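Working notes for the structure below.
Number of protein chains: 2
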Amino acid sequence: MPIICPLPDLSKDVITLGHGGGGLLTHQLLHNGVFAELTNPYLDQQHDGASFELYGRTAFSTDSYVVDPLFFPGGDIGELAVNGTVNDLAMCGAMARYLSLSFIIEEGLSIAELQRVIQSIRRAATLAHVQIVTGDTKVVQRGKGDKLFINTSGIGSIHPRAEIHHRRIRPGDRLVLSGRLAAHGTAILSVRKGLEFETAVCSDTVALGATVSKLLDKWGTHIKFMRDPTRGGLASVLNEIAELTAYGYFIRQDSIPIDDQVEGACEMLGLDPLYVANEGIFLAVVDKEIAEEFAAMLQAESTGRHAAIIGEVGEEYRGKVVLRSRVGGRRIVGYLPGEQLPRIC
Amino acid sequence: MPIICPLPDLSKDVITLGHGGGGLLTHQLLHNGVFAELTNPYLDQQHDGASFELYGRTAFSTDSYVVDPLFFPGGDIGELAVNGTVNDLAMCGAMARYLSLSFIIEEGLSIAELQRVIQSIRRAATLAHVQIVTGDTKVVQRGKGDKLFINTSGIGSIHPRAEIHHRRIRPGDRLVLSGRLAAHGTAILSVRKGLEFETAVCSDTVALGATVSKLLDKWGTHIKFMRDPTRGGLASVLNEIAELTAYGYFIRQDSIPIDDQVEGACEMLGLDPLYVANEGIFLAVVDKEIAEEFAAMLQAESTGRHAAIIGEVGEEYRGKVVLRSRVGGRRIVGYLPGEQLPRIC
Chain A
6 MPIICPLPDL SKDVITLGHG GGGLLTHQLL HNGVFAELTN PYLDQQHDGA SFELYGRTAF
66 STDSYVVDPL FFPGGDIGEL AVNGTVNDLA MCGAMARYLS LSFIIEEGLS IAELQRVIQS
126 IRRAATLAHV QIVTGDTKVV QRGKGDKLFI NTSGIGSIHP RAEIHHRRIR PGDRLVLSGR
186 LAAHGTAILS VRKGLEFETA VCSDTVALGA TVSKLLDKWG THIKFMRDPT RGGLASVLNE
246 IAELTAYGYF IRQDSIPIDD QVEGACEMLG LDPLYVANEG IFLAVVDKEI AEEFAAMLQA
306 ESTGRHAAII GEVGEEYRGK VVLRSRVGGR RIVGYLPGEQ LPRIC
Chain B
6 MPIICPLPDL SKDVITLGHG GGGLLTHQLL HNGVFAELTN PYLDQQHDGA SFELYGRTAF
66 STDSYVVDPL FFPGGDIGEL AVNGTVNDLA MCGAMARYLS LSFIIEEGLS IAELQRVIQS
126 IRRAATLAHV QIVTGDTKVV QRGKGDKLFI NTSGIGSIHP RAEIHHRRIR PGDRLVLSGR
186 LAAHGTAILS VRKGLEFETA VCSDTVALGA TVSKLLDKWG THIKFMRDPT RGGLASVLNE
246 IAELTAYGYF IRQDSIPIDD QVEGACEMLG LDPLYVANEG IFLAVVDKEI AEEFAAMLQA
306 ESTGRHAAII GEVGEEYRGK VVLRSRVGGR RIVGYLPGEQ LPRIC
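Quick mapping for you: the protein sequence lines, in order, are chains A and B. Residue numbers for the first sequence follow our numbering, beginning at 6 and rising by one. Residue numbers for the second sequence follow our numbering, beginning at 6 and rising by one.
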């Protein structure tokens with residue numbers, strides 16, 4: 006009697022175009038993979054959108070995540086997609102409440118990898134106290150995407166004491182950076198280049214909503230502006246604010262917190278850490294009277310241990326960012342003219 | 006004297022990775038291409054998110070658009086991305102107010118094409134009375150995307166008289182289809198296959214918010230449920246509701262409005278119009294007492310001229326969709342087992 010060895014049904018293990026067609030496979034993928042993992046009363050309604058009540062000042066933000074690789078030291082695309090949008094809302098002075106989640110999957114992605122990302126999304130959403138309430142899944146042909154792109158959009162309630170607007174920035178305000186620079190981008194590029202360090206260089210991805218909420222409870226309108234220096238790094242954020250406010254932004258290199266190993270890695274990789282992406286820190290522009298206490302309060306938080314006052318806003322060099330280097334020289338820090346690190350977030 | 010003929014600066018005409026890097030090129034692209042076209046007080050703030058006041062019942066929806074080709078008879082990816090999300094909100098009984106807009110661009114897309122899409126987005130947003138308030142732009146390497154993917158997420162205010170939920174559906178309720186079936190998917194596939202018809206088969210993409218708002222003004226809670234049969238078509242939507250409500254859904258083939266040419270094209274292309282995507286029609290489940298007047302009211306609208314009562318909800322065949330064919334036979338219409346048309350929306 007011949008031994009019958011059936012071929013495994015590979016169609017069950019990888020995403021096919023049919024998973025994006027709106028038919029049976031889409032239905033099965035959503036029911037077994039997504040709804041089961043991310044269940045909540047909004048999502049469970051399985052309608053074209055989610056419904057809820059909202060009262061008052063609201064923030065709305067969106068980001069698509071195309072990071073390569075999907076999994077990296079310190080995180081993955083799923084965690085990044087939750088934290089990134091939670092943080093964009095936090096920078097508006099808002100606590101994230103509802104997230105949408107949209108996948109663009111390249112045919113051939115393993116369902117196991119997708120599941121790993123979805124589990125990571127669930128964990129990150131739980132930690133950030135945000136609910137995934139509506140979503141979408143599309144599949145594109147092999148070679149027409151790159152494994153997985155994720156869009157999250159988020160709705161948050163703005164803190165009652167928040168008045169975050171670049172128009173409120175004045176000369177004399179202090180620039181506070183909440184943590185060490187350049188960890189995320191350096192971690193991604195290290196993996197891509199196959200570099201290894203004594204201890205792993207890890208992405209700093211973390212949700213900042215709770216920290217920002219505490220700061221707003223205490224400092225309210227003394228906090229003028231916040232922005233997380235993701236893609237393009239601290240230099241790009243400072244240039245954007247400099248241009249919008251037409252003041253000068255002065256930073257001191259020796260005040261900017263950076264991990265020695267990250268700094269060494271940046272040197273090896275030929276990166277200027279000022280332009281490298283971060284995913285777990287933010288820049289705050291605050292009244293000079295509160296700057297010291299504000300930084301001290303941040304230092305007491307796990308997400309702000311390395312916070313530091315890194316500079317100030319001035320009336321000279323209007324529209325420019327000026328760095329005082331460790332040796333005392335001054336130079337203008339411009340926008341990055343080209344591309345330093347593609348697909349970093 | 007030699008004739009000097011400088012090479013055109015092609016970097017200015019196509020999207021490069023640098024346009025997604027967060028540096029100078031991103032900045033220029035946004036300022037010259039996006040903010041100028043889509044200007045409004047929310048977007049002009051250029052922050053990580055938009056802020057506004059919201060009071061009451063709110064709907065939230067997201068969709069990523071990966072349609073291929075980007076431009077097709079009757080519309081393009083930009084118009085689709087606005088109307089699609091506006092319509093998802095309308096199906097929740099909500100009028101779209103704020104949209105987010107996120108681009109994932111493949112390196113090499115011509116800036117002229119991107120501009121054409123952005124202009125189309127602006128026009129569609131104006132027609133639908135919705136504002137693009139926040140956005141994101143990413144660029145992926147050549148061969149890692151396909152020209153342009155767009156995500157829009159939307160926030161809408163739910164109509165005070167709306168009570169849209171599948172739990173409200175009861176046996177006896179009537180199924181009303183607001184327009185002719187299968188135009189969008191047939192138009193896309195015709196272009197892909199290079200088919201030509203006597204008159205062009207065009208996508209039906211249109212915003213349905215205003216129509217739905219009028220219907221809700223008049224009929225309120227008599228409207229039990231609405232859903233637009235996009236990807237997967239009418240058959241998939243009916244199967245989903247059948248499963249959620251555990252009633253039987255009975256439709257009559259000779260009542261379903263379809264354009265002769267679209268029906269002919271579907272036959273030629275080997276498509277069952279019940280599974281073909283639509284972008285400008287919706288299915289409403291309504292009280293039987295109002296069904297006739299509801300359909301008549303729709304027929305007076307430009308977006309509902311071909312509206313028809315196509316069937317009803319029953320207690321038999323629970324969880325199933327049953328079609329009575331033109332010759333009188335009955336058959337169960339299931340989920341599409343595989344993929345009929347990839348990248349249709």
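Quick reminder that beta carbons are idealized off the backbone N, C-alpha and C, glycines included. Predicted, not measured: the structure shown is a model, and the values here were computed from it.
Given that residue i touches chain A, what residues does it touch there, using C-beta distances under 9 Å?
i              : result
residue 145(B) : 71, 73, 150, 151, 154, 347, 348
residue 271(B) : Neighbours of residue 271(B) on chain A: none; closest Cβ ~16 Å, over 9 Å.
Residues in its own chain within less than 8 Å of residue i by CB, not counting five upstream and five downstream?
i              : result
residue 6(A)   : Residue placement at residue 6(A) cannot be trusted, given a pLDDT of 44 that sits under 50; what the coordinates show is reported in the next sentence. Contacts found: none.
residue 8(B)   : With a pLDDT of only 49 at residue 8(B), under the threshold of 50, the placement of this residue in the model should not be trusted; the figure read from the coordinates follows. Excluding residues within five positions, none has a Cβ falling inside 8 Å.
residue 197(B) : 73, 74
residue 13(B)  : At residue 13(B), the pLDDT of 43 sits below 50, so the modelled position is not reliable and the matter cannot be decided from this model.
Taking Cβ positions, are residue i and residue j nearer each other than 8 Å?
i              : j              : result
residue 262(A) : residue 184(A) : yes
residue 21(B)  : residue 163(B) : no
residue 321(B) : residue 210(B) : no
residue 343(B) : residue 282(B) : no
residue 105(A) : residue 56(B)  : no
residue 65(A)  : residue 135(B) : no
residue 142(A) : residue 110(A) : yes
residue 49(A)  : residue 232(B) : no
residue 26(B)  : residue 119(B) : no
residue 171(A) : residue 249(A) : yes
residue 180(A) : residue 316(A) : yes
residue 194(A) : residue 274(A) : yes
residue 155(A) : residue 82(A)  : yes
residue 300(A) : residue 191(A) : no
residue 256(B) : residue 230(B) : no
residue 252(A) : residue 349(A) : no
residue 126(B) : residue 87(B)  : yes
Where does the unbroken beta strand (DSSP E) through residue i begin, and where does it stop?
i              : result
residue 229(A) : 228-232
residue 116(B) : No beta strand (DSSP E) holds residue 116(B); the alpha helix (DSSP H) holding it covers 116-132.
residue 66(A)  : 55-70
residue 195(A) : Unbroken run through residue 195(A) is the alpha helix (DSSP H), 188-198; no beta strand (DSSP E).
residue 86(A)  : Note, residue 86(A): premise wrong, no beta strand (DSSP E); alpha helix (DSSP H) at 82-96.
residue 210(A) : Neither: residue 210(A) is in no beta strand (DSSP E) and is coded neither H nor E.
residue 253(B) : 253-257
residue 111(B) : 99-111
residue 266(B) : Element bounds for residue 266(B): not the beta strand (DSSP E) but the alpha helix (DSSP H), 265-274.
Against residue i, what residues of chain B qualify as contacts under a CB-to-CB distance less than 9 Å, listed in chain order?
i              : result
residue 342(A) : 23, 28, 29, 30
Taking 8 Å as the CB-CB cut-off, is residue i touching chain A?
i              : result
residue 130(B) : no
residue 232(B) : yes
residue 259(B) : no
residue 354(B) : Lying outside 6 to 350, the shown extent of chain B, residue 354(B) is not represented and no answer is given.
residue 178(B) : no
residue 237(B) : yes
Against residue i, what residues of chain D qualify as contacts under a CB-to-CB distance less than 7 Å, listed in chain order?
i              : result
residue 158(B) : In the structure shown, chain D cannot be found, because the protein chains are A and B.
Go through its chain and collect everything with a Cβ distance to residue i's Cβ below 6 Å, but skip five positions before and after it.
i              : result
residue 339(A) : none
residue 330(B) : 258
residue 92(B)  : 213, 233
Closest Cβ-Cβ distance between residue i and chain B: below 8 Å?
i              : result
residue 9(A)   : For residue 9(A), the predicted structure reports a pLDDT of 49, less than 50, and the residue's modelled location is therefore unreliable. The matter cannot be settled from this model.
residue 241(A) : yes
residue 61(A)  : yes
residue 13(A)  : Here the model assigns residue 13(A) a pLDDT of 43, short of 50, so the residue's position is not dependable, and the following value carries that caveat. Answer no: the Cβ-Cβ gap between residue 13(A) and chain B never drops below 8 Å.
residue 351(A) : The structure shown does not extend to residue 351(A), since chain A is modelled only from 6 through 350, so no value can be given for it.
residue 276(A) : no
What residues from chain A crowd round residue i, counting only those whose CB sits closer than 7 Å?
i              : result
residue 139(B) : 65, 66, 67
residue 163(B) : 56
residue 97(B)  : 52, 53, 54, 56
Going by DSSP, what residue range makes up the alpha helix (DSSP H) through residue i?
i              : result
residue 155(B) : Not the alpha helix (DSSP H): residue 155(B) falls in the beta strand (DSSP E), residues 153-163.
residue 246(A) : 238-250
residue 219(B) : 214-224
residue 30(A)  : 29-34
Anything in chain B within Cβ reach of residue i, meaning under 8 Å, just list it in chain order.
i              : result
residue 110(A) : In chain order: nothing, as chain B lies at least about 10 Å away.
residue 288(A) : Simply none; closest approach about 12 Å.
residue 220(A) : Result: empty, since nearest Cβ-Cβ is about 16 Å, beyond 8 Å.
residue 404(A) : Limits of chain A in this structure are 6 at one end and 350 at the other, which puts residue 404(A) out of reach.
Whose C-beta lies closer than 7 Å to the C-beta of residue i among residues of the same chain, with five residues either side of it excluded?
i              : result
residue 279(A) : 238, 239, 240, 338
residue 23(B)  : 30
residue 205(A) : 78
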